[in-house]
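Enquirer:
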Amino acid sequence: MNLSELAAHVAAEFQNKYNRPPRWIVAAPGRVNVIGEHTDYNDGFVLPMAIERYAVMAADVPASQFASSFSHISIYDIHFDESATIDITAPVTKGLPKWSNYIRGVLAGFQNRGQKIPALEVALISTVPLGGGLSSSAALEVCTATLIEAATGKKIDPIEKALLAQTAEHEFAGVPCGIMDQFISALGREGNLLLLDCRSRKTELVPMNDLSVELLIVNTNVKHELGSGEYAKRRAECEGAAKILGVNSLRDATADQLEKAKEKMSEVVFRRARHVIGEIERTVRAAKEIRASNWTNAGELMYASHASLRDDYEVSCPELDAVVEIAEEIGVTGGVYGCRMTGGGFGGCAVALVKAGDVDAITKKIAADYKTKTGIEATIFSSRPAAGATIIKS
Ligand code: GLA
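In our numbering, the protein residues as written are 342 to 735.
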């Protein structure tokens, strides 16, 4: 379903549930990161793109004249066939169902800015795979923030909006994430990757509208539980390395500096820092190669990124490695330029840069070989770079 079909679908579901058409429809996309992994919380560069998978909300103020209906936001999740009711007359707190915490966190963020939250009835759907490393939570957070903008008529700066959504993730979902996911969901531009400097928060568009190539997203359909704890551990290891190197963040360290300080840190911390320093450099280079349509070079940087995430940063898993091995076996002659795990790791998705004409053959081959190697069915789809959060109806 494209975005307008999806919006029409959510509007119809809203109509069914609440017996009238919605007044507002808003959407925010998930993302895939082409390169620059575990660099955002080290003040480095990332190169994500928004994908054609969205969280979409249709909403209106409550129809009922009863005062009690004006003290809540009610959200009906179409997929789960489950509702959340959030009291907006007091500071919004964590609650159930669990998915409502992404929404609650954003509402709390608006309250902290002094914004009164309007009572709303909402229908929600998300086509971003859950737990697939494609930022379904950031899509939901940014979508919520966009709904509040639409309903109050007060737009906030998109960078502030991304930061508000990131705070929601930290405080209401307990994930100490960087800024990449919320940023691209809020600021993505159709046809472009976004080179984001996570220190200055400056962005540069990197056009990706060459129809001869595509980005293929391969969902391994596994999610290893150790993910969230390990994420925080990696962050701490990076901070430890920066401290030993006497820099504010690993963004300020060079490979030379690290090599000289090798004896001062544990072997593990050394490898973590080596990944981050190398990955920041690869990301800037990849942006240049993509701008110049040097697909083979860009693809090689993706493979190098994967090897570094697997061996030095240790956030890959056998299933992700299997996808990348299959991609390497297909090679440039079979239409694959490069492939790597994307997102936090420990499962989720890999992303492959492929020749557009070979997409069908590559999809079949990866699906078959992945099934043989792991016994698991992968879900594979391609996406063009999509636009960031939008108000579809206001
Ligand atoms: C998760 C986080 C991001 C980023 C990536 C790894 O997606 O939410 O902030 O750190 O992992 O690059």
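Every residue, glycine too, gets a C-beta built ideally from N, C-alpha and C.
So what does residue 544 bridge to, in DSSP terms?
Expert: Here residue 544 refers to the residue found at position 203 of the sequence shown. Looking at the DSSP assignment, residue 544 forms a beta bridge with 537.
Enquirer: Would you say residue 614 and residue 648 are within 8 angstroms of each other, going by their C-beta atoms?
Expert: Counting from 1 along the sequence shown, the entry for residue 614 is found at position 273. Counting from 1 along the sequence shown, the entry for residue 648 is found at position 307. No. Outside cutoff.
Enquirer: Would you kindly report the start and end of the unbroken beta strand (DSSP E) that includes residue 402?
Expert: Locating residue 402 in the sequence shown gives position 61, where the first residue counts as 1. Where residue 402 is concerned, there is no enclosing beta strand (DSSP E), given that its DSSP letter is neither H nor E.
Enquirer: Taking the C-alpha atoms as reference points, what is the distance between residue 641 and residue 678?
Expert: Taking the sequence shown and counting its residues from 1, the one referred to as residue 641 is at position 300. Taking the sequence shown and counting its residues from 1, the one referred to as residue 678 is at position 337. So the alpha carbons of these two residues sit roughly 7 angstroms apart.
Enquirer: Cβ of residue 371 within 7 angstroms of any heavy atom in the ligand GLA?
Expert: Looking up residue 371 in the sequence shown gives position 30. Incorrect: residue 371 has no Cβ contact closer than 7 angstroms to the ligand GLA.
Enquirer: Give a yes or no on whether the C-beta atoms belonging to residue 511 and residue 460 are separated by under 8 angstroms.
Expert: Translated into the one-based positions of the sequence shown, residue 511 becomes position 170. Translated into the one-based positions of the sequence shown, residue 460 becomes position 119. Not closer than 8 angstroms, so no.
Enquirer: Which residues count as close to the ligand GLA when the rule is a CB under 5 angstroms from any of its heavy atoms, in chain order?
Expert: Qualifying residues, in the order they occur: 378, 379, 381, 518, 519, 521, 522, 684, 685.
Enquirer: Any idea what DSSP makes of residue 625, helix, strand or coil?
Expert: Residue 625 sits at position 284 when you count from the first residue of the sequence shown. Three-state DSSP puts residue 625 in a helix.
Enquirer: Helix, strand or coil for residue 664, going by three-state DSSP, please let me know.
Expert: For the purposes of this step, residue 664 is taken as residue 323 along the sequence shown, with counting starting at 1. Of the three classes helix, strand and coil, the one that applies to residue 664 here is helix, per DSSP.
Enquirer: Does residue 440 come out as helix, strand or coil in the three-state DSSP assignment?
Expert: For the purposes of this step, residue 440 is identified with residue 99 of the sequence shown, where counting begins at 1. Three-state result, residue 440: coil.
Enquirer: Taking all protein chains shown into account, decide if residue 431 is buried (16 or more other Cβ within 10 angstroms of its Cβ) or exposed.
Expert: By 1-based counting over the sequence shown, the position of residue 431 is 90. Label assigned to residue 431: exposed.
Enquirer: Can you confirm whether the stretch 510–525 touches the stretch 376–385 when touching is taken to mean that 3 or more C-beta pairs between the two stretches lie within less than 8 angstroms?
Expert: Judged by Cβ distances under 8 angstroms, the stretch 376–385 makes contact with the stretch 510–525, as three or more pairs qualify.
Enquirer: Roughly how many whole angstroms lie between the Cα atoms of residue 418 and residue 597?
Expert: Position 77 of the sequence shown, counting from 1, holds the residue named residue 418. Position 256 of the sequence shown, counting from 1, holds the residue named residue 597. Rounded to the nearest angstrom, the two C-alpha atoms are 52 angstroms apart.
Enquirer: What's the call for residue 434, buried or exposed, on a 16-neighbour Cβ count within 10 Å?
Expert: Counting from 1 along the sequence shown, the entry for residue 434 is found at position 93. Exposed: under 16 other Cβ atoms inside 10 Å.
Enquirer: Considering residue 477, what are the terminal residues of the alpha helix (DSSP H) in which it resides?
Expert: Position 136 of the sequence shown, counted from the first residue, corresponds to residue 477. Looking at the DSSP string, the run of the alpha helix (DSSP H) that includes residue 477 is 477–493.
Enquirer: For residue 466, count the other beta carbons within 10 Å of its own beta carbon; 16 or more makes it buried, fewer makes it exposed. Which is it?
Expert: By 1-based counting over the sequence shown, the position of residue 466 is 125. Under this definition residue 466 is a buried residue.
Enquirer: Enumerate in chain order the residues of its own chain whose CB-to-CB distance from residue 603 is below 8 angstroms, with the five nearest sequence positions on each side excluded.
Expert: Sequence index remark: in the sequence shown, residue 603 carries index 262 (1-based). Here the set comprises 611.
Enquirer: For residue 616, does the count of other Cβ atoms within 10 angstroms reach 16, so buried, or fall short, so exposed?
Expert: For the purposes of this step, residue 616 is identified with residue 275 of the sequence shown, where counting begins at 1. Result: buried.
Enquirer: With a threshold of 16 other CB atoms inside 10 Å of the CB of residue 709, please say whether the residue is buried or exposed.
Expert: Position 368 of the sequence shown, counted from the first residue, corresponds to residue 709. Flag for residue 709 reads exposed.
Enquirer: When you compare only the Cα positions, how much space is there between residue 574 and residue 684?
Expert: For the purposes of this step, residue 574 is taken as the residue at position 233 of the sequence shown. For the purposes of this step, residue 684 is taken as the residue at position 343 of the sequence shown. Rounded to the nearest angstrom, the two C-alpha atoms are 16 angstroms apart.
Enquirer: Since residue 534 contacts residue 544 with CB under 8 angstroms, what's their CB separation in whole angstroms?
Expert: Residue 534 sits at position 193 when you count from the first residue of the sequence shown. Residue 544 sits at position 203 when you count from the first residue of the sequence shown. Going by Cβ atoms, the distance from residue 534 to residue 544 rounds to 10 angstroms, so no, they are not a contact pair.
Enquirer: With the cut-off set at 8 angstroms, would you say residue 363 and residue 401 are in Cβ contact?
Expert: To locate residue 363, count along the sequence shown from 1; it is residue 22. To locate residue 401, count along the sequence shown from 1; it is residue 60. Taking 8 angstroms as the Cβ cut-off, residue 363 and residue 401 qualify as a contacting pair.
Enquirer: What runs of the beta strand (DSSP E), each 3 residues or longer, lie entirely inside the stretch 363–409?
Expert: List check, beta strand (DSSP E) in window: 365–376, 386–401.
Enquirer: Under a Cβ-count criterion, where at least 16 other Cβ atoms within 10 Å of its own Cβ denotes burial, should residue 720 be classed as buried or exposed?
Expert: Locating residue 720 in the sequence shown gives position 379, counting from the first residue. Residue 720 comes out exposed.
Enquirer: Go through its chain and collect everything with a Cβ distance to residue 564's Cβ below 6 angstroms, but skip five positions before and after it.
Expert: Position 223 of the sequence shown, counted from the start, is the residue given in the question as residue 564. Excluding positions up to five away in sequence, the list reads 472, 688.
Enquirer: With 16 other CB atoms within 10 Å as the buried threshold, where does residue 494 fall?
Expert: Within the sequence shown, numbered from 1, the residue matching residue 494 stands at position 153. The residue in question, residue 494, is exposed, as its Cβ has fewer than 16 Cβ neighbours within 10 Å.
Enquirer: Roughly how many whole angstroms lie between the Cα atoms of residue 518 and residue 508?
Expert: Against the sequence shown, residue 518 aligns to sequence position 177. Against the sequence shown, residue 508 aligns to sequence position 167. C-alpha separation (whole angstroms): 9 angstroms.
Enquirer: Roughly how many angstroms lie between the CA atoms of residue 722 and residue 556, to the nearest whole one?
Expert: By 1-based counting over the sequence shown, the position of residue 722 is 381. By 1-based counting over the sequence shown, the position of residue 556 is 215. Their backbone Cα atoms lie some 9 angstroms apart in a straight line.
Enquirer: Can you check the stretch 657–735 for any alpha helix (DSSP H) of at least 4 residues that lies completely inside it and give the ranges in chain order?
Expert: Those alpha helix (DSSP H) runs which fall completely within the stretch 657–735 and span 4+ residues are 659–671, 700–715.
Enquirer: For the alpha helix (DSSP H) holding residue 359, just list the boundary residues, first then last.
Expert: Reading the sequence shown from its first residue, position 18 is the one you call residue 359. Here the alpha helix (DSSP H) through residue 359 covers 344–359.
Enquirer: Assuming residue 680 contacts residue 668 (C-beta within less than 8 angstroms), just tell me the rounded distance between them.
Expert: One-based indexing of the sequence shown puts residue 680 at position 339. One-based indexing of the sequence shown puts residue 668 at position 327. The Cβ separation is near 4 angstroms, so the contact holds.
Enquirer: Does residue 449 come out as helix, strand or coil in the three-state DSSP assignment?
Expert: Here residue 449 refers to the residue found at position 108 of the sequence shown. Three-state DSSP puts residue 449 in a helix.
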